[in-house]
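For the sequence shown, this note's numbering gives the first residue as 2, with consecutive numbering after it.
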Amino acid sequence: MITYSPPADWHLGPFTVNIHSLMFFIGAMAAYLWTYRRLPKEYRDHADSLASWMTICGIAGARILYVALNFNRLESPLHAFYIWEGGLVSYGGFIGAIAAWLLYIRRYSLPMPVFCAAAAPAFLLGWGIGRLGCFLAWNNEFGVPTQVPWAFIVSGDVPRHPVMLYLAAGHIAMAFISLRLAALWQRNPTGIALAAFGSVRLILDIWRDYQPYWLHYGSAAISLIFVILGCLLIKRLPAV
């Protein structure tokens, strides 16, 4: 068993920084840099604007879904805007970022297969790094009780699976595996990465302690949708 204490927030003047937010920022930067490097040079001028819009919409989507699912836990409606206190839902962030992505590419008539191939593996990497923040913060996102030797004990709670660490490792690994499979199969990596995102969540969610439990079924349904969409894109999105 591993006894663990989440790090305290850092106070920098009027600003408060927590490990959860910091890791998501590092993940976003890693995704941006890898996407930029994989984009053809003639399209790199769009990278900064696209990344900015995706970050803004991703955070907004993650917060909106969290508030929708946890509105009764907020001290007041105004606390819906207190994003620095934590409270993000990954699916909401994913949907928000993808919406910004699609609208931007359509607005500037950019080649969708090229941009998707450059960004999809990077998104998985960034998401995995962000999940490390969820694990380190250990904030209402933890696994079911267990007696395995690598179980984590936090704040005197029962030993639990470090399920967010599992998710982080799964997403980071699949970021590189999706590229390898795309090269072997001569396919665009986008569909593979999307199917991997849903599959990792679908499999590992069995070790996540959902409260209330019905949220587990919702997560499984959304994960399955991502898997199906990914499989469709593997067939339909041309390789580049």
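Glycine included, C-beta positions come from ideal geometry on N, C-alpha and C. Bear in mind that the values here come from a model prediction, so they are computed numbers and not experimental data.
Where residue i sits in the DSSP three-state scheme
| i | result |
| --- | --- |
| G144 | strand |
| R181 | helix |
| R188 | coil |
| V90 | coil |
| V241 | coil |
Check whether residue i and residue j have beta carbons under 9 angstroms apart
| i | j | result |
| --- | --- | --- |
| L51 | Y105 | yes |
| N189 | P150 | no |
| L244 | A29 | This structure cannot speak to residue 244, because the chain is shown only from 2 to 241. |
| V228 | L195 | yes |
| I96 | L66 | yes |
| R242 | L230 | Residue 242 is absent from the model: the chain starts at 2 and stops at 241. |
| L40 | A31 | no |
| G219 | H172 | no |
| I154 | M2 | yes |
| G192 | S224 | no |
| A101 | G59 | yes |
Cβ-based burial, residue i [other Cβ within 10 Å; buried from 16]
| i | result |
| --- | --- |
| R132 | buried |
| A9 | exposed |
| I235 | buried |
| L205 | buried |
| M165 | buried |
| R64 | buried |
| S53 | exposed |
| R209 | buried |
| L111 | exposed |
| G144 | buried |
| R161 | buried |
| G157 | exposed |
| P15 | exposed |
| T17 | exposed |
| A69 | exposed |
| A222 | exposed |
| F136 | buried |
**Asked** Is the region 174-194 touching the region 132-143 in the sense that three or more CB pairs, one from each, lie closer than 8 angstroms?
**Response** Judged by Cβ distances under 8 angstroms, the region 132-143 makes no contact with the region 174-194, as fewer than three pairs qualify.
**Request:** Run through the region 3-82 for me and flag every whole beta strand (DSSP E) of 3 or more residues, listed as ranges in chain order.
**Result:** Whole beta strand (DSSP E) segments, 3+ residues: 3-5, 11-13, 16-18.
**Message:** Is it the case that the region 13-22 contacts the region 108-120, given that we only count it when at least three CB pairs across the two stretches are under 8 angstroms?
**Reply:** Too few Cβ pairs lie closer than 8 angstroms, so no.
**Asked** Unbroken alpha helix (DSSP H) runs of length 4 or more, entirely within the region 98-176: which are they?
**Response** As far as the region 98-176 is concerned, its whole alpha helix (DSSP H) runs of at least 4 residues are 113-138.
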